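Each residue of the sequence shown is one higher than the last, beginning at 22 in the working numbering.
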Amino acid sequence: TTLLLHPDTTIYSLVLMILFSTTILYKQHLLLMILYRIYLHFIMTLKILGPFLRLIKNIFFLQNTKSST
């Protein structure tokens with residue numbers, strides 16, 4: 022019976038190892054996807070906020086020049 026059980030246990034352990042590694046890879050993939058989405062979102066917000074920030078800077082600059090004169 023031990024001889025019959027041995028291959029089953031090895032196969033079972035192999036399957037467990039494969040499942041474990043795949044779940045780790047899947048989790049890593051999810052993490053990478055999340056980070057990539059955050060990165061894209063950050064770039065988009067910068068692209069959108071860029072002109073607004075320039076506008077605000079220009080307004081402040083104009084106000085400062087007006088107040089100094």
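Just so you know, even glycine gets a beta-carbon here, dropped at the ideal spot from N, CA and C.
Predicted model, so just to flag it, every value in this text is computed and none were measured.
Leu53 and Tyr47 have their C-alpha atoms spaced approximately 10 Å apart. Counting only the Cα atoms, Lys78 lies some 16 Å from Lys68. The straight-line gap separating the alpha-carbon atoms of Tyr60 and Thr31 is approximately 43 Å.
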